[in-house]
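Participant: Numbering (our numbering), first residue to last: 1 to 138. Note that CB positions come from ideal geometry on N, CA and C, so glycine has one too. Fair warning: this is a prediction, and the values are worked out from it, not measured in the lab.
#1: Would you list the one or two residues that DSSP bridges to residue 139?
#2: If you draw a straight line from the alpha carbon of residue 130 to that of residue 101, how long is it in whole angstroms?
#3: Take residue 122 as the anchor and find which of 112, 106, 95 has the nearest alpha-carbon.
#4: So for residue 132, helix, strand or coil by DSSP?
#5: Could you compute how far the alpha carbon of residue 44 sits from the alpha carbon of residue 72?
#6: Helix, strand or coil: how does DSSP classify residue 86 here?
#7: Can you say whether residue 69 is buried or exposed, counting buried as having 16 or more other CB atoms within 10 angstroms of its CB?
#8: Any chance the segment 80-99 sits against the segment 113-120, with 3 or more Cβ pairs inside 8 Å?
#9: I need the boundaries of the alpha helix (DSSP H) containing residue 66, first residue and last residue.
#10: To the nearest angstrom, how far is the alpha carbon of residue 1 from that of residue 23?
#11: Where DSSP assigns a beta bridge to residue 101, which residues make up the other side?
Below, the structure is given as structure tokens:
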């Protein structure tokens, strides 16, 4: 008897192994289906990761634009027209819109400046907002 089973003689001298070990076509198809399901799940996770990276890149860009505008406004004199009370005309950079509003601050000779950066992402409106107080030091 061999390691794989005994030989069986069929019609007209054709011999096959009895109790052969190996994989059937059905077993291979099931294994391939499971493998394909796993590959599709990994591909889906990759797409979600790419979308999340794109979203975080856009958010970082908007935060940087808001911070840059805040630094520019903080460097201005207290009486500069860009720091007059009220809403100021929006500025568009790439696909971001930067606007700011100036109101009287909580203390005498202060102004509260609110900077808002908006953009559209996958059909929804997103925004980043920063605020600071500008004091009349002069």
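Facilitator: This is what the structure holds:
#1: Absent from the structure is residue 139, since the part of the chain shown begins at 1 and ends at 138.
#2: 11 Å
#3: Closest option to residue 122, judged by alpha-carbon separation, among 112, 106, 95: 95.
#4: strand
#5: 42 Å
#6: strand
#7: buried
#8: yes
#9: 25-74
#10: Residue placement at residue 1 is flagged as unreliable, the pLDDT there being 45, under the threshold of 50; a coordinate-derived value is accordingly withheld.
#11: 87, 114
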